[in-house]
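Asker: Residue numbers (our numbering): 1 to 115. Idealized CB from N, CA, C, for every residue including glycine. Have a look at the structure that comes next, please.
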Amino acid sequence: MPEAIALAIMDDLFKMMSGSMGNLPSLVVMAVPFVVGLVLGYVVKRILKVGLILVAIALVAAYFGFVNLGNITAEAQDMVKTYGPVAMSYLSIFFGIVPLSAGLVIGFLIGFVFS
C-alpha cells in the first residue's frame with residue numbers, strides 16, 4: 001500500500017513537471033533563473049575583482065600622499081545619497097521579477113566560482 005501511494009505521488013509530480021506554464025515548457029521556466037544566476041555570478045565576481053584593485057590603488061595613492069581620502073569619502077557619500085535610492089529601487093524590481101529559486105542560487109555559485 002505505501003508503495004502505491006509513493007508511485008501515485010511520483011506520477012503526479014511527473015505530470016506537473018511535463019506540463020507548461022504560460023505556454024512555455026517547464027524546462028524553459030526552470031532554465032531562466034539558472035542562466036540569470038550564471039550571468040549574475042560572473043558579473044559580481046568581475047566587479048569584486050575590479051573593486052579590490054581600485055581599493056588597493058587608492059590605499060597606495062593615499063599612503064604616498066597623492067590622494068586625500070577625505071575628499072573621496074565626501075564624494076562617495078554624495079553619490080550614495082544621490083544614486084542610492086534609485087539603485088535600491090532597481091534591485092527591488094529585479095528581485096521581484098526573478099524569484100530566488102534553487103536554479104538562481106546554483107547558477108550564481110557556478111558563475112561566481114568558474115568565471
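Could you tell me the alpha carbon to alpha carbon distance between Met88 and Gln77, rounded to whole angstroms?
Answerer: 15 Å
Asker: So Val67 and Ala74 are supposed to be a Cβ contact under 8 Å. How far apart are they, rounded?
Answerer: Here Val67 is actually not in contact with Ala74; their C-beta atoms are around 13 Å apart, not less than 8 Å.
Asker: Within 10 angstroms of its Cβ, does Gly96 collect 16 or more other Cβ (buried), or is it exposed?
Answerer: exposed
Asker: Residues in its own chain within less than 7 Å of Ala62 by CB, not counting five upstream and five downstream?
Answerer: Leu69
Asker: Go ahead and label Gly7 buried or exposed: buried means 16 or more other beta carbons lie within 10 angstroms of its beta carbon, across all protein chains shown.
Answerer: The sequence shown places Leu at residue 7, not Gly. Its Cβ having fewer than 16 others within 10 Å, Leu7 is exposed.
Asker: In angstroms with no decimal places, state the Cα-to-Cα distance between Ala31 and Ile72.
Answerer: 42 Å
Asker: Distance, Cα to Cα, Val105 vs Leu38?
Answerer: 9 Å
Asker: Between Val29 and Leu48, what straight-line distance do the alpha-carbon atoms span, to the nearest angstrom?
Answerer: 30 Å
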